[in-house]
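Trainee: One structure follows; several queries about it will come next.
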Ligand code: C2E
Ligand code: MG
Ligand code: MG
Ligand code: MG
């Protein structure tokens, strides 16, 4: 009896692994054709001062799936990275952002910048900076209207290549931000070598800022360190007035989060911006 049970357990185990592998293959296949068909959309989330006045925006990708509706990036970006699809996808994101900025400028909408998330594999491409330069040239948009967001892990992974590429980006006029700051383990020694414009405090610290003494200390330390290095600070994941006030009192001047607005389609974003202009 136990033998039978054992055999069943094993075959069940194999079956579930097989199912997971099949599902994964299917997702990869779907993703591949979605990239060919450009079934993606960029949402834009405002970055503001404490009064909610616009100071920039972040582009956040969603997959417009025929059957499943909108799919969040956490559900497919990791797969795209592993399958090597992040490179064409990342190029689409940057080009789409350039096209959007061109439209905004043509329509007299002064969106200071679009921040763009760049994955490790994309940043490590030899022609990464050339791709950026080419899109900027083609869409005739000022490079200063774009911020490249990299995570700490990406930056310290190959510091020589990072420094080289960051300098080339700076030379173009593109700005550089470190996303999810505080969750990695980059040291001050590394940071001061890099031509950074901005540190983005991770939302995990912001969440408990008013109740967790350690998070409050970490945030205060990040803000002071950044300012001493001449780097701007933005806090992400700001959901409440209390969080915003706390951050402001610690010296943070730029905010992004549901308290001000969720990410929106470009059409809704434009309405939101025009409302603020009145
Ligand atoms: P991220 O770059 O750290 O972006 C911030 C995430 O926090 C976004 O999730 C945003 O919608 C969400 N968020 C904003 N305000 C709040 C808030 O007040 N509370 C909470 N709980 N969340 C907030 P989203 O759009 O699901 O994106 C998740 C991640 O996917 C991004 O994290 C980024 O790492 C990645 N991602 C998004 N778009 C792209 C892209 O175009 N390329 C690449 N490579 N990665 C992307
Ligand atoms: Mg980001
Ligand atoms: Mg982040
Ligand atoms: Mg993140």
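In the UniProt record's numbering, the protein residues as written are 840 to 1117. Heads up, the beta-carbon is just placed ideally off N, CA and C, and yes, glycines get one too. Quantities reported herein were computed from a predicted structural model and do not represent experimental measurements.
Since residue 1098 is in the alpha helix (DSSP H), which residue starts that stretch and which ends it?
Mentor: Unbroken run through residue 1098: none, as it is neither H nor E.
Trainee: Leaving out five residues before and five after residue 1079 in sequence, what residues of the same chain have Cβ atoms less than 7 angstroms from its Cβ?
Mentor: 1098
Trainee: Note down the Cα distance separating residue 1106 from residue 854, rounded to an integer number of angstroms.
Mentor: Roughly 46 angstroms between the two C-alpha positions.
Trainee: Please report the straight-line C-alpha distance between residue 1037 and residue 1046, rounded to a whole angstrom.
Mentor: Taking the straight line joining both Cα atoms gives about 20 angstroms.
Trainee: Residue 1024 lies in the alpha helix (DSSP H); which residues open and close that run?
Mentor: Per DSSP, residue 1024 belongs to no alpha helix (DSSP H) and is neither H nor E.
Trainee: Going by DSSP, what residue range makes up the alpha helix (DSSP H) through residue 901?
Mentor: It is not in any alpha helix (DSSP H) - residue 901 instead sits in the beta strand (DSSP E) that spans 893 to 904.
Trainee: Cβ of residue 1076 within 9 angstroms of Cβ of residue 1042?
Mentor: yes
Trainee: Can we say the stretch 950 to 964 touches the stretch 917 to 929, given the rule of at least three CB pairs closer than 8 angstroms?
Mentor: Touching, yes.
Trainee: With 16 as the cutoff for other CB atoms within 10 Å, does residue 885 come out buried or exposed?
Mentor: buried
Trainee: Does the distance between the C-beta of residue 956 and the nearest non-hydrogen atom of ligand 2 fall short of 8 angstroms?
Mentor: yes
Trainee: Secondary structure at residue 840, three-state DSSP: helix, strand or coil?
Mentor: Interpretation of residue 840 is limited by its pLDDT of 46, a score under 50 that renders its predicted location unreliable; the figure taken from the coordinates is listed afterwards. Here residue 840 sits in coil by DSSP.
Trainee: Classify residue 1073: buried if its beta carbon has 16 or more other beta carbons within 10 angstroms, exposed otherwise.
Mentor: buried
Trainee: Just the residues with CB closer than 7 angstroms to a heavy atom of ligand 3, in chain order, which are they?
Mentor: 1018, 1019, 1039, 1041, 1042, 1075
Trainee: Measuring only the C-alpha atoms, how far is residue 1004 from residue 968?
Mentor: Near 7 angstroms, if we compare the C-alpha coordinates of residue 968 and residue 1004.
Trainee: Between the Cα of residue 1101 and those of 875, 891, 870, spot the shortest distance and give me the residue it belongs to.
Mentor: For residue 1101, the closest of 875, 891, 870 by C-alpha to C-alpha distance is 891.
Trainee: In three-state DSSP terms, what is residue 1076?
Mentor: coil
Trainee: Between residue 898 and residue 954, is the Cβ-Cβ spacing less than 9 angstroms?
Mentor: yes
Trainee: For the stretch 969 to 989 against the stretch 1015 to 1034, are there 3 or more C-beta pairs whose distance is under 8 angstroms?
Mentor: yes
Trainee: Which residue or residues does DSSP assign as beta-bridge partners of residue 879?
Mentor: 902
Trainee: Mind checking residue 840: buried by the 16 CB within 10 Å criterion, or exposed?
Mentor: Note on residue 840: pLDDT 46, under 50, position unreliable in the model; no value is reported.
Trainee: Less than 8 angstroms separating the Cβ of residue 859 from some heavy atom of ligand 1?
Mentor: no
Trainee: Do residue 893 and residue 1112 have their CB atoms nearer than 9 angstroms?
Mentor: Yes, Cβ-Cβ distance for residue 893 and residue 1112 is below 9 angstroms.
Trainee: If you follow the beta strand (DSSP E) that residue 985 is part of, which residue opens it and which one closes it?
Mentor: Its beta strand (DSSP E) spans residues 985 to 990.
Trainee: Name the residue from 972, 976, 1071 whose alpha carbon lies nearest to the alpha carbon of residue 1020.
Mentor: 1071
Trainee: So the candidates are 950, 933, 1006; which of them puts its Cα closest to the Cα of residue 1108?
Mentor: Ranking 950, 933, 1006 by Cα distance to residue 1108 puts 950 first.
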